[in-house]
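J.: Attaching a single structure in structure tokens format; questions to follow.
Residue numbers (UniProt numbering): 1 to 99.
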């Protein structure tokens with residue numbers, strides 16, 4: 001239990017640094033986008049190379065994207081959506097207010 005407490009303290013320290021919250025949110029978005037693409041690609045039975053060819057990308061770019069390593073542009077998301085036989089939908093959501 002001491003280790004968990006120590007990690008919570010360390011995380012709180014890191015997250016209190018300027019810009020840490022924004023960086024964490026950006027990483028979360030990249031990961032979720034990459035996961036969504038990977039799940040749809042697998043659902044269609046495509047390899048990363050096949051998806052890359054459909055989208056006009058290189059396989060390493062698809063691999064980096066699926067791993068959450070890159071923040072895509074909207075044109076890239078549009079190409080991926082078309083290659084995945086999907087329609088891109090972008091929306092804004094209100095931030096949850098802390099209680």
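Ideal Cβ placement from N, Cα and C applies to all residues, glycine included.
Alpha carbon to alpha carbon, how far is residue 7 from residue 77? Give it in angstroms, no decimals.
T.: The straight-line gap from Cα to Cα measures roughly 35 angstroms.
J.: Return the CA-CA distance between residue 84 and residue 94, expressed in angstroms with no decimal places.
T.: Looking at the two C-alpha atoms, the distance is approximately 28 angstroms.
J.: How long is the line joining the alpha carbons of residue 60 and residue 89, rounded to whole angstroms?
T.: Roughly 25 angstroms between the two C-alpha positions.
J.: Of the choices 43, 5, 29, 9, whose alpha-carbon is the least far from that of residue 73?
T.: The option with the nearest alpha carbon to residue 73 is 29.
J.: For residue 56, name the three-state secondary structure that DSSP assigns.
T.: Reduced to three states, the DSSP call for residue 56 is coil.
J.: In three-state DSSP terms, what is residue 71?
T.: The answer is coil: DSSP assigns residue 71 none of H, G, I, E or B.
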